[in-house]
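The structure under discussion appears below in the form of structure tokens.
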Amino acid sequence: MKKEYSKKFLEEISKKFPEVLIKIHSPRRTYIRISREGVYEFAKFLFEKGLRLSIATGIDTREGIEIIYHFSHDPSGTYYNIKTVVPKDDPKIRSLTDFLPAADWIEREIQELLGVDFIGHPNLKPLLTAETWPQGLCPLRRDYMNEHKKIKIEGLKEEH
Amino acid sequence: MGNLKLLGLKKSPWVFHLAAAACNNCDIEILDILTPRWDVERFGIVLVGSPRHADALLVTGVINRKTLPRVLRVYEQTPKPCLVIAVGSCACHPHIFESSYNVVGPYDKHIPVDVYIPGCPPKPEAIIMGVVKALKRL
Amino acid sequence: MRRVVPIGPYHPLQEEPEFFKLIVEGEKVVDLEINIGYNHRGHEYISPTLTWDQVPFLVERICGICSDSHPYAYVLAVEDCAHIEPPPRAKYIRTIIGELERIHSHYLWLGLAGHFIGYNTVWMWVWRYREPLLDLFELIMGNRNHYAINKIGGARRDIKPEDYPKIEKYLDMLEKKNAMFTKAILDDPVIRARLEGVGILKKEDAIAYAVTGPTARGSGYAIDVRKDDPYDAYDKVDWDIVVGKDGDVLAKAVVRLLECDESIKIVRQCLKNMPDGPIETRVDGIPPGEGIGHHEAPRGEVFHYVRSDGSNMPVRHKVRAPSFMNIASNVVAVKGYSIADATLVLAAVDPCYCCTERTMVAYEDGKEKYTGKDLLQLSWKKTERLRERYRK
Amino acid sequence: MNIIKTLFSYIIFPGFLFTAVVGLFVTWIDRKVTARVHWRVGPPWYQPYADFLKLLLKETIIPEGSSKIIFLLGPILGLIGMSILAVMLFSMNFNPHTSFVGDLIVIIYLLALPPIGVILGGSASRNPLASVGASREMTQYFAYELPFLISLAIIILKAGGHIKFGDIIIAQHTSGSFLYSISGIIAGVVIFFTMQAKLSFVPFDIPEAEQEIMAGPYIEYSGVALAVYKLTRAMMFFLLPLFFISVLWGGFADWWAVLKFLVLVVLIVLVKNTNPRLRIDQSLKFFWLGLGIFSIIGLIFAFYGL
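Residue numbers (my numbering), protein chains in the order written: chain W, 69 to 228; chain H, 3 to 140; chain U, 180 to 571; chain B, -17 to 288.
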């Protein structure tokens, strides 16, 4: 029964949002790729269908910053993951907070760790890092990670 | 006079529990030593709610950028003489967290530490032993 | 007149640093500002610098109380990514430890909740019955906390058949005590006066804030990963979801207590049906791809996402602890209650903000007394003594 | 000679020193019984003395920006009140004829000094949590004072309308303890709960709730000032049961009083350990509606001589 629901649901999605790309990883894990502009409407659709936003992940990849919204459909235990890519030279995306308060903290976190601006977020302050942390320095970006590693290694060399 | 002071301190160490960025374990084990199995009140050790009342600080976890000013402030607020006891491996050295961008090092870089209790988390016996050792050193 | 009452970052209410600003009028809370980050150690940054097999030790140290849940979810995520099927015995072992951890965590919360309302007798009594469970952990895994039982493709340690009766014996004792505590909490008029109707989180709010675990179930939002997306042995045992309806602190407390009964049931069935066989499979590298694992921790759903590029380290590892969602819901739950209630409401979601590493050198009178190795041996000796005492 | 005698009675026996030493011992009884209820062993007998000694020798920090004189006056006020109270209680029990008209009212005001000290000190600390604690202390004081005064009125009625402490004791010597009558029991229950609240013990430790507002008014105190607070609390713990025994249970001029005293102390500790803390509004309701009405019923009984 659970499997049938998933199949029907995916059919509904592809009818309503023809531009999405669906990849089924395993029976309970589905990845859906969508453009940056379409995320807001699609997420709203999922939320109205009773899906729960588990979390969003931000990843620094070659094509840009990839954001994955993990939506869980609890009655069938299925994860629908919406993937979208935000280019690095224009890191902006529309915020989901106006209908989904659960997205509040995670958007703040992605903003400070990866430097993506969420347009329409009411309170886009840093969530985790200290007041003394330099603004605009994003620790989960590749360039920072590589730089930081280099500094560490040089520091260790000096110590020894 | 000096001896009297030491005697008072030895027989009645009030501790304030100060957790920087710790996982809960050391903190829970510290609370655990108050419960019936270990019962440190036998030695006069009491956990107090305000650093102003404390004689010893039990510190846990690594210090991150956000907690550092708070840790320093709590240390300043504690009336001297006060002991600082680092509970758990994190408090002794950041180890696994050393490569992180947000960790600014162990306690002894920032405040003087008297006793180190290693372990992840240290067993309650080890914590009690550490406190006793700290008192013996006085 | 509006005033700000700060709770934290160092406050006896929480063991961990956490900063709440209660904006109060007289004794009534009108707004809440949550400031987290005092515990931020950058796990997601460190994780890609470690190999696949080292990460469980790191994520174990995210939180000391759910130190089984995080590695559990991580292992499930990696197994999902690489399509690994662990052997049945390993599945049962993981389930048993997961459930025992739930009991330990709920008891810990119950004791602290008693402490928060100034009822230290409850704290002492509950923790007294939690202590033998920690001994059991030490018996099975060699450490009171940070068990390190989960491993990609299986379990790290076996539960020996001669240890089954000890677990059974403990469960028998606990079942009686749990009934006693449930009755005591439901019958005591003063406890009821403090907990009932306080900190109500409505179902709509619970859904909007996407809370999980007992916080959600207390509000009548029946979600439980163990039922919805069963993993390991959870679909092979018979148990029920406990759902409250009022969403107040009392409902959350009762949900936790009754859940302990369900956990006892699950562990008993697992022990009875435990299959023989190996406890791990061979894993040859993780292929490129991505995986999601989620586990119902004592506080709610733990969610881990990993991405692999085929190398020996993860490219990205996202961790979402249940408290990340649950704490945010305090903003609605706490409004309109008094300061005295606020502390209780803030604690009712069983917040967990937190992680650690092992063994240095101990000194006595300036001389090195124990080296790391000695300490390790001392610790082993104690575990052995404990095992002997229990075997008698 | 008379001055020396007076000074002796205020400073050494039964005034400050004696009350302090015995009071600290009573807090040990409290801690030991609490520990036994918790299935623990508890501290050794010298623990309160060691605590006190240590606090005396520690640094006293005065918070920046607070009013220094009021901050330090707070603890001393209660201490003075308790020392005088000790002298009065002892002299009137062993020599009821030294009593003067209206001394019961003096005692009521002496008992009010420690809370006033706490309120003053807490408000002077310039800490938001301390001021919340001070305002709670004030609310709580007004809450328990009403039933307390009504039940004292019961006692005055029973003693024949004299507001003289000595007469209350003499009346009990001649016609038996007041506690053994309906109105006496009612007054006893009310005064018992008031004692619990005056001592700020659970369920009425709202002003200094450690888990909510840390130590409330005491949060900024350290060293000697904190020691004085603790000592005042200890002396109160010794004197309040004595006050209870004097006004209701036949005075303490005989050896039975020791037993009565221990029974009261253990009862207080047991109530403390078998209840969670109330909220301030619940406490107000309990004292005004619950005990207030209860004590008025007692007053009616007393009026009819029951």
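Positions of the beta carbon are idealized from the N, C-alpha and C atoms, including for glycine.
When the options are compared against residue i, the one with the closest alpha-carbon
i          : options                                : result
B:Ala32    : B:Leu273, B:Ala209, B:Leu221           : B:Ala209
W:Ile135   : W:Lys151, W:Leu168, W:Ser122, W:Ser103 : W:Lys151
B:Phe(-10) : B:Ser65, B:Val15, B:His20              : B:Ser65
B:Phe175   : B:Leu86, B:Phe160, B:Ser133, B:Ser163  : B:Ser133
B:Leu38    : B:Phe219, B:Val83, B:Gly232, B:Leu213  : B:Leu213
B:Leu61    : B:Ala216, B:Gly233, B:Ala239           : B:Ala216
B:Pro78    : B:Ile152, B:Tyr211, B:Tyr162, B:Ser157 : B:Ile152
B:Thr256   : U:Val203, U:Gly515, U:Trp302, U:Leu450 : U:Trp302
B:Trp27    : B:Val69, B:Leu224, B:Val4              : B:Val4
U:Arg371   : U:Tyr286, U:Asp520, U:Cys449, U:Ala389 : U:Asp520
U:Ile346   : U:Ala269, U:Val369, U:Lys514, U:Gln448 : U:Gln448
H:Pro126   : U:Phe295, U:Trp304, U:Leu313           : U:Leu313
B:Leu131   : B:Ile89, B:Ser157, B:Asp149            : B:Ile89
U:Arg268   : U:Glu310, U:Thr391, U:Ile338           : U:Ile338
U:Pro467   : U:Val485, U:Leu365, U:Asp403           : U:Val485
N- and C-terminal bounds of the alpha helix (DSSP H) containing residue i
i        : result
U:Glu438 : 428 to 452
B:Glu190 : Neither: B:Glu190 is in no alpha helix (DSSP H) and is coded neither H nor E.
H:His97  : No alpha helix (DSSP H) contains H:His97, which DSSP labels as neither H nor E.
U:His325 : Note, U:His325: premise wrong, no alpha helix (DSSP H); not H, not E.
B:Arg13  : -2 to 19
U:Lys348 : 343 to 366
W:Lys160 : Here W:Lys160 belongs to no alpha helix (DSSP H); instead the beta strand (DSSP E) covers 160 to 162.
U:Asn509 : 509 to 512
Distance CB(residue i)-CB(residue j) smaller than 8 Å
i        : j        : result
W:Leu164 : W:Tyr99  : no
B:Pro199 : B:Val100 : yes
U:Arg273 : U:Asp407 : no
H:Ala136 : H:Asp116 : yes
U:Leu229 : U:Met492 : yes
B:Gly274 : B:Leu55  : no
B:Thr42  : B:Ser182 : no
U:Glu469 : U:Cys242 : no
B:Ile227 : B:Ala239 : yes
U:Leu318 : U:Asp342 : yes
U:Leu211 : U:Asn509 : yes
U:Val513 : U:Val208 : yes
H:Ala24  : U:Tyr217 : no
H:Ile130 : H:Trp16  : no
U:Met504 : W:Ala170 : yes
U:Ile465 : U:Leu201 : no
H:Ile113 : H:Gly132 : no
Integer-rounded CB distance, given that residue j should sit under 8 Å from residue i
i        : j        : result
B:Val8   : B:Val247 : 6 Å
W:Asp185 : W:Pro159 : 6 Å
U:Arg220 : H:Asn104 : 6 Å
B:Ala116 : B:Ile52  : Going by Cβ atoms, the distance from B:Ala116 to B:Ile52 rounds to 12 Å, so no, they are not a contact pair.
W:Ser82  : W:Val88  : 7 Å
U:His262 : U:Val481 : Between U:Val481 and U:His262 the Cβ distance is about 21 Å, and since that is not below 8 Å, they are no contact.
B:Leu86  : B:Phe0   : Their Cβ separation, rounded to whole angstroms, is 23 Å, which puts B:Leu86 and B:Phe0 out of contact at 8 Å.
Chain C contact residues for residue i, given Cβ-Cβ distances below 8 Å
i        : result
U:Asn324 : Annotation note: the requested chain C is absent from the structure, which comprises protein chains W, H, U and B.
Boundaries of the beta strand (DSSP E) in which residue i is found, first to last residue
i        : result
U:Ala252 : Segment 248 to 261 is the alpha helix (DSSP H) holding U:Ala252; no beta strand (DSSP E) there.
B:Tyr123 : Per DSSP, B:Tyr123 belongs to no beta strand (DSSP E); it is in the alpha helix (DSSP H), 110 to 140.
H:Trp16  : 16 to 21
U:Trp497 : Looking at the sequence provided, one finds Lys at residue 497 of chain U rather than Trp. Residues 493 to 499.
H:Asn27  : Here H:Asn27 belongs to no beta strand (DSSP E); instead the alpha helix (DSSP H) covers 26 to 34.
U:Arg486 : 479 to 487
Quick check: the stretch 96 to 106 of chain H against the stretch 36 to 46 of chain H, are at least 3 beta-carbon pairs closer than 8 Å? no
Closer than 8 Å is the cut-off here; do at least three beta carbon pairs connect the stretch 258 to 266 of chain B with the stretch 277 to 287 of chain B? They do not touch, by the three-pair rule.
For the structure I just gave you, are there three or more beta carbon pairs, one from the stretch 323 to 339 of chain U and one from the stretch 251 to 265 of chain U, closer than 8 Å? yes
contact_flag[the stretch 168 to 179 of chain W, the stretch 191 to 209 of chain W] where n(CB pairs < 8 Å) is 3 or more: yes
Any chance the stretch 461 to 477 of chain U sits against the stretch 277 to 286 of chain U, with 3 or more Cβ pairs inside 8 Å? yes
Are there three or more Cβ pairs, one per stretch, closer than 8 Å when the stretch 90 to 104 of chain B is compared with the stretch 153 to 172 of chain B? Contact between the stretch 90 to 104 of chain B and the stretch 153 to 172 of chain B is absent, with fewer than three C-beta pairs closer than 8 Å.
Is the stretch 348 to 355 of chain U in contact with the stretch 430 to 443 of chain U, if contact means three or more CB pairs nearer than 8 Å? yes
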